[in-house]
Structures are given as structure tokens and as C-alpha cells.
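Here the protein sequences line up with chains B and H, keeping their order. Residues in the first sequence are numbered consecutively from 5, following our numbering. Residues in the second sequence are numbered consecutively from 40, following our numbering. Built from N, CA and C at the ideal position, the CB exists for glycine as well. Report on the structure given below.
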Amino acid sequence: MDFSLSPRAAEFRSEVRAFLDANLTEEVVATMHRTGTFNDKDFNAALAEAGLLAGAVPGYGDRDPIELYILFNELEKAGAPYDGLAVTMLVAGVINAVGTDFHRKQVLDRLLTGRFNCCLGYSEPDHGSDVAAIATRAVRDGDQWVIDGQKMWTTMAHESDWAILLTRTDPDVPKHKGLTMFLVPMDSPGIEVQPVPTMATERTNATFYDGVRIGDEWRLGDVNGGWSVMGVALAFERGVMGGTNPAVPLLRHVRNWAADAPSPDGGQMIDDPLLRERIARTAIANQVGQLLTLRAAWIAATGGLPGLEGSMAKLYATDRYQQAVGWFQQMAGAEGLLGFDTAGAAADGWIDYDARHSPVTTIYGGTTEINRNNVAERHLGLPRAR
Amino acid sequence: MDLALTADQETIRGVFADFFTAEAGPDRARAAEPLGVDGPAWNRLLETGAPGMGLPESAGGGGASLTDLAVVAEELGAAIAPVPFIEHAVAARLLFATGACPDAVVGGTEIATLALRPAQGGISRLVPAGAVAQHVAGLDGDRLVLASGDAPGVALDNHGCLPLADRPLGDAMILLEGTEAHAAHARALDEWRTLTAGALVGIGRTALDLGVDYAKERQQFGKPIGSFQAVQHLLADLPGLIEGARLLAAKAAWAGDGGPGINGINDLDNNDVTDFATLAGMALVFAGEAAATATDRSLHVHGGYGFAEEYDIQLFYRRARAWALTLGDPSRECRRIADLLLEPSEHAA
Chain B
5 MDFSLSPRAA
15 EFRSEVRAFL
25 DANLTEEVVA
35 TMHRTGTFND
45 KDFNAALAEA
55 GLLAGAVPGY
65 GDRDPIELYI
75 LFNELEKAGA
85 PYDGLAVTML
95 VAGVINAVGT
105 DFHRKQVLDR
115 LLTGRFNCCL
125 GYSEPDHGSD
135 VAAIATRAVR
145 DGDQWVIDGQ
155 KMWTTMAHES
165 DWAILLTRTD
175 PDVPKHKGLT
185 MFLVPMDSPG
195 IEVQPVPTMA
205 TERTNATFYD
215 GVRIGDEWRL
225 GDVNGGWSVM
235 GVALAFERGV
245 MGGTNPAVPL
255 LRHVRNWAAD
265 APSPDGGQMI
275 DDPLLRERIA
285 RTAIANQVGQ
295 LLTLRAAWIA
305 ATGGLPGLEG
315 SMAKLYATDR
325 YQQAVGWFQQ
335 MAGAEGLLGF
345 DTAGAAADGW
355 IDYDARHSPV
365 TTIYGGTTEI
375 NRNNVAERHL
385 GLPRAR
Chain H
40 MDLALTADQE
50 TIRGVFADFF
60 TAEAGPDRAR
70 AAEPLGVDGP
80 AWNRLLETGA
90 PGMGLPESAG
100 GGGASLTDLA
110 VVAEELGAAI
120 APVPFIEHAV
130 AARLLFATGA
140 CPDAVVGGTE
150 IATLALRPAQ
160 GGISRLVPAG
170 AVAQHVAGLD
180 GDRLVLASGD
190 APGVALDNHG
200 CLPLADRPLG
210 DAMILLEGTE
220 AHAAHARALD
230 EWRTLTAGAL
240 VGIGRTALDL
250 GVDYAKERQQ
260 FGKPIGSFQA
270 VQHLLADLPG
280 LIEGARLLAA
290 KAAWAGDGGP
300 GINGINDLDN
310 NDVTDFATLA
320 GMALVFAGEA
330 AATATDRSLH
340 VHGGYGFAEE
350 YDIQLFYRRA
360 RAWALTLGDP
370 SRECRRIADL
380 LLEPSEHAA
């Protein structure tokens, strides 16, 4: 076994770190939390200009999955606005895997400039974990399709130029077999985006599709082949594109806070034995989250298809993140309740932020329960429960 | 980056998995209680050269790395083999490093062990394999000493039926003194942490297999209980924990082997840790937790039978706790890890 990065991967990591030092300003971070849009087109374009963005597309170009992991892991650890980037690059990867030349020219090439974004249109108000049951209809009309329905949790829809939209094209066959995926230009007439504020800083959206007409050239994959396109997208999403080291920036904020924060018992909080124990336990969890994610990346880099390995990494890391947030919010006491820009806030408000943000991490991108079902059925071979 | 075992390590894994399963599996562990050591199984293990495998070939050993030994440790844990392989391997390497590994220890006809705790009043308490070892290496004040003599042959009655015994270290041969003594003992202790973590990974692995097999077979309400989501979800968390523990133990062993690219850093802010001492502590804490969770849940899935002496899961449950706690409270171990990751604190540990 060898846990060291190859010279090429180590150099790539240095480039990414140098980029973040130069481009991830306090203003970029403050803006993302003030606006709720964890996407910064200037920052993304700068990544593209630095030659780093092609490495962000799973399966594309000459970057391997370990380098893909490095890029998103460094963005996550640094607290950079990468949510929009991750989704956009995931779609770029799907287009690269199953798209047409038209899709590549019209969409993929533009996504690689960093100035364009995509969002994911899977969930609906009544269909979340059971996503194959979605009701948004696409009906063929000559060379066009007419789309009617509503999507939920379309984060970054207000920044996006396209959505990948899961639609029902045949209601008379079993639910997985009547789905078709489209790339829908967001400036098409009939699309409405409504913001959905959340209890954390980030904003998401509901999107409405009323008689939206698009040409058949925007279809991604086969008619009624949408479920297999979903499979490609989910394999990327549950792999290595961030989300498995959220407690790294948390721990950095906590450690910096504790160095100066007075303890009610005298001295500084950093000398509190229980806090030190919990810092160590969180550091252990961060190492494990990293190793499980690296395993998924390494499997992909050596020709395998990680899916369950990504599920395991997400299951583990998000659970421990929530545990750590709970510990540190308790230990920060009342000051841990104070938010950004509030005088006296523990860790400048980061503890409050993480406590607001962390609940969604076991929900989005596949809930903990769906991931457990997958591990139980497909890894442990237990009989299907549903 | 390469997360696969080498071909040689795969061979080692296969050979020891077969040996432990056939010669020193859970039935032998059960029969070896309360001492916790199966003498005939150890004698058969000698024939494979295993006791000295962690020593250089020039010293009559097998030239195995810490990573190789961790592979063996996992298979030992998976079978809960009642043989003091880990303690012996660690002590033999320590004795070799200090220039005094007796031939009988290289060959394994005499068993050696490491006293984890410094002696107090000349006695080291709860020495692992202390019930059967003829040689005990440990710290007595600022001296690293080797106490040789007859093994007591009786273990202190304990939760995991481990061969624990109190051993005197007074009037023993002095191996090293001062900072060298502490450094050599600390290194051996980190090797023990790493290999014990490996064994705990094996415990977790088999506990999960036992739970899954039982859940597929046991029928209630006309269905296998493994088809119920509440049961599935108890088990579904475990593969990630066990794999995470395996990777962390392997990373600790890799750091301990000191290959190229290891710079021994503890960069908390970047989640970059390659320091052997830190990783060894992390691996023991985490593997202990993973094994405790795996055995806890697997035992629960067995229902009342899990509590019955007749079923193997209780053997794994008790050893998961005993192996993990022999060194002491994991919270204290975490504070020690914090001292390595942060500036040491006057209040810590």
C-alpha cells in the first residue's frame, strides 16, 4: 500500500492550493454566505483560466479521478463556493459520457469556461427519494418536446443556463422505464424560478415548467432511457466531488476560536480536556472520511466504477460532521448561537453556520436511508425491503 | 497512491487466513478460555516461521514490514485466534532494535511481549500475553528492561479472556536508558497500536459477516429478518466503518514503515496527517470503535441467541472491547492525539 500522492497529483494539489491562496478572498467567501449563492462565476472562470477546470469534470480530459478528488477536496476544505461548480461539472461529466456532438459543442465547451452553469432537475414536491416516480411530463410533438411540471430543490437554477431535467415520457410502463432526461435551456419560454430560502445561508429554488418547448436535440440519452442517465450522474455525485470532508473547515474554525476563547474554568478553551478529546475524535473522522473518499477515487482511477464506496463515504462523513457540530456548538455555549457579523460570536459565527447547514448533508445527494438501503441490498446482499 | 495489497501480501493474507481458520478459529478461542492462548496452535504457528517474520532476514526473521504484519493481524482478529502473535512480533522487533533478541524468541519457542504500562513499584500491570510470555520488555522508570523467567501460566480473569497478567520488571536486564529507552518503547507501543487496530478490523469484519448471515437465515413474520429495513440499517453502517478502520490501520503501518513520501506531518487545518505516532493512536481508537459498533449491532441482530454462550458473536463482542481497552481509556488516547495535533496543553491527559 502507498498513501502518498504521485508527483503529478502532488503538483496538481500545489497548483490548486496556490490558486486558492490567490483567488479565494474573504470577499468571495463573505459574498457567497450573504447572497446564499454558493457559486461564483468569476472564481469559476479564474479556475478555467488557470487550467484547472477541465480536471473538475469526471471522466473528461487527462485528469484522473484522484486529481478530481483533490480539486474538490481542496475547495471543500478551504470553504470555497463550489456547490454550483460541482453540479455543473457533474453535468459536464454526464454530457461527456452520454451526450451528442451538439451537446458537447453547445453546452460542454461553454461549461468549461466557468462562465456557465447547470442545475439538477430530479426531485419534485411529491417525489424525493422515490425519484423514479416523478410526474413532470414531456410529450413529443414532431421534432419537439413539450414539458409541463414542477421541480424542487433546483439549487443554482437562478444561476444556470441549462437544467438536466428528468421527465416522464411514458406513463404506461413501470416507473423506471418511462423516464427521459433532457438538457433544458433555462431561457426557454414557460420556465419560472422561485427562490426557496433555507435555515442556513444557502438558497435553493422551486422551478416551474409550463408548456416549455424544446427540440429533440436537447434529449440526453435514449427516449425512456432516463434512468440509466441518472445512474451515470449518481455514480459521479456519490463519488469524489466534495461533501465528505465538511468537518475540516469546521475544525479549523473551532481550533482558531479555542486558542483565544476564555474558558469559564479559567485559561483558554483550547486547554479544555473534553474539547481536546473532541478535536481529536473529529480529526480521526476527517482522516477516515478522506480515506474512504480516496478509496472511491482510487477504484475509479484503476478502472473500477465506484458507487457504493462513495455512498459509504457520504454516510460516514455526514453523520460524523453532524456529531462534531453538535459537540462544538454545545461547548461554545451561548456564544455558539451567534451568527456571522455578530460581536462575540464563537468562531466568527461558523459554529452557528455549521449547525444550520449540517442537517441537509444527510438529506441531499441521496439520503442516509437511501444510501443504507443501497449498501444493505447491493453490498451486503440482504433481501430487498421495499 | 496504491490501496491494493501487493501480490506477496495477498499470499500472506491467504496463508494466514487459512491457518487461523483451520488451526486457531473461534472454536479454539472458546476452548482456550479463560487463559486465552492455545499452546498447540502456537506450536504449529512456529512451524510457519510466523513468530520471527517481523525481523530482518539477516536476524533469522522473515523480513516482513509493519504493513505485512498488519495483514496478518487482521486475519488473526477475523478468527479471534488465541495466539500471542501481535505482542510477540512487536516485542521481538523491539528486542532486535536494542540488539538483544534471543534466538528462542526469533523462533518463537519462547514467547516475548511488551509491557504497555511503565512499572509501578517494580510491577507492570495487565501485561498483554503476560500470562504466557517468558520475556517481558517494558519501562521501569527511565530504563527499558527485559525481564525473563517462567510465565505464570494463569491469566487475570477478564472480559475478553485475554492472557493478561501482572509482571515484575524489577531486577531485569537493562536494554536502554533515558530518552533512548522512552523512544524505543514509544515506537514499540505504536507498532502494538497499529497491529491491534488491524486485529480489531478483523473482529469487525467477521462480526459483520456473522450478523449478515444470521439476518439472511433467521425467519420471523414469514420472512428473513434481513429483509426488514430496521435490521438492514443497523448493518449497513458497518462496511464503511470497517473499511475506514482498515485504511487507517494500513496508513499507520505505511507511515511506520517509513517509505518514500512520508514526511511525518500533523497538519490539522488541511487534514494532512502522515505522522506515525498520530496515525497509530488514531487507528487504535477508530478500529476499537468500529469493532465495538460492529459486534454490538451484530450481537443485537442475533436476538437472544447473541447473548447465549453457544453462539460465536459473544466471543467477538468481548474481545472487541478487551483488545481495544487493554491500553486504557480511548478518551485519554484522544487527548494524547490532540497533544500531537495541537500544541501540547498543560491541562491535557
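Check whether residue i and residue j have beta carbons under 8 Å apart
{"i": "H/L323", "j": "H/A190", "result": "no"}
{"i": "B/A263", "j": "B/Q272", "result": "yes"}
{"i": "H/V332", "j": "H/I242", "result": "Here the sequence assigns Thr to residue 332 of chain H, which means Val is not the residue at that position. No; because the gap between Cβ atoms is not below 8 Å, this pair is not in contact."}
{"i": "B/L183", "j": "B/W149", "result": "no"}
{"i": "B/D68", "j": "B/A338", "result": "no"}
{"i": "H/G367", "j": "H/R232", "result": "no"}
{"i": "H/Q271", "j": "H/G265", "result": "yes"}
{"i": "B/L224", "j": "B/I168", "result": "yes"}
{"i": "H/A139", "j": "H/L178", "result": "no"}
{"i": "B/H180", "j": "B/A251", "result": "no"}
{"i": "B/K81", "j": "B/P253", "result": "yes"}
{"i": "B/P85", "j": "B/F47", "result": "yes"}
{"i": "H/T50", "j": "H/A118", "result": "no"}
{"i": "B/I138", "j": "B/R172", "result": "yes"}
{"i": "H/V145", "j": "H/G100", "result": "yes"}
{"i": "B/A359", "j": "B/A328", "result": "no"}
{"i": "B/N27", "j": "B/G88", "result": "no"}
{"i": "B/E78", "j": "B/V32", "result": "no"}
{"i": "H/L133", "j": "B/R299", "result": "no"}
{"i": "H/L183", "j": "H/T137", "result": "yes"}
{"i": "H/A158", "j": "H/L208", "result": "yes"}
{"i": "H/A359", "j": "H/L239", "result": "yes"}
{"i": "B/V292", "j": "B/Y325", "result": "no"}
Residue i classed as buried or exposed, judged by whether at least 16 other C-beta atoms fall within 10 angstroms
{"i": "H/D57", "result": "exposed"}
{"i": "B/I99", "result": "buried"}
{"i": "B/P129", "result": "exposed"}
{"i": "B/K109", "result": "exposed"}
{"i": "H/H38", "result": "Absent from the structure is residue 38 of chain H, since the part of chain H shown begins at 40 and ends at 388."}
{"i": "H/N302", "result": "exposed"}
{"i": "H/A387", "result": "Annotation note: pLDDT 42 at H/A387 (below 50); position unreliable, no value reported."}
{"i": "B/T117", "result": "exposed"}
{"i": "B/D176", "result": "exposed"}
{"i": "B/R144", "result": "exposed"}
{"i": "H/D142", "result": "exposed"}
{"i": "H/W262", "result": "Residue identity check: residue 262 of chain H is Lys in the sequence provided, not Trp. With fewer than 16 other Cβ atoms within 10 Å, it is exposed."}
{"i": "H/A377", "result": "buried"}
{"i": "B/L170", "result": "buried"}
{"i": "B/S315", "result": "buried"}
{"i": "B/D226", "result": "exposed"}
{"i": "H/D276", "result": "buried"}
{"i": "B/E15", "result": "exposed"}
{"i": "H/D229", "result": "buried"}
{"i": "H/A347", "result": "exposed"}
{"i": "B/G34", "result": "Looking at the sequence provided, one finds Ala at residue 34 of chain B rather than Gly. Classification of B/A34: exposed, given that the 10 Å Cβ count is below 16."}
First through last residue of the beta strand (DSSP E) which encompasses residue i
{"i": "B/D214", "result": "207-219"}
{"i": "H/H174", "result": "174-179"}
{"i": "H/L215", "result": "212-216"}
{"i": "H/L153", "result": "151-153"}
{"i": "H/S187", "result": "182-187"}
Inter-residue CB distance, residue i and residue j (contact presumed, cutoff 8 Å)
{"i": "B/T159", "j": "B/N209", "result": "7 Å"}
{"i": "H/P202", "j": "H/V76", "result": "5 Å"}
{"i": "B/D165", "j": "B/P189", "result": "7 Å"}
{"i": "H/T106", "j": "H/A292", "result": "4 Å"}
{"i": "B/L112", "j": "B/G103", "result": "7 Å"}
{"i": "H/P278", "j": "B/H383", "result": "6 Å"}
{"i": "H/A223", "j": "H/L215", "result": "6 Å"}
Alpha helix (DSSP H) segment containing residue i, residue limits
{"i": "H/A128", "result": "124-136"}
{"i": "B/R282", "result": "277-305"}
{"i": "H/D205", "result": "Here H/D205 belongs to no alpha helix (DSSP H); instead the beta strand (DSSP E) covers 204-207."}
{"i": "H/G53", "result": "46-62"}
{"i": "H/L379", "result": "369-380"}
**Report entry** Unbroken stretches of the alpha helix (DSSP H), 4 residues or longer, contained in the region 299-367 of chain H
**Finding:** 315-340, 343-346, 352-364
Query raised in the report: Can you list, in chain order, the stretches of the alpha helix (DSSP H) that have 4 or more residues and sit fully within the region 87-127 of chain H?
Result: As far as the region 87-127 of chain H is concerned, its whole alpha helix (DSSP H) runs of at least 4 residues are 105-117.
**Report entry** Residue ranges of each alpha helix (DSSP H) within the region 82-114 of chain B, 4 or longer
**Finding:** 87-102
Query - Length-filtered (3 minimum) beta strand (DSSP E) runs lying within the region 143-203 of chain B - result: 148-156, 166-172, 183-189, 195-201
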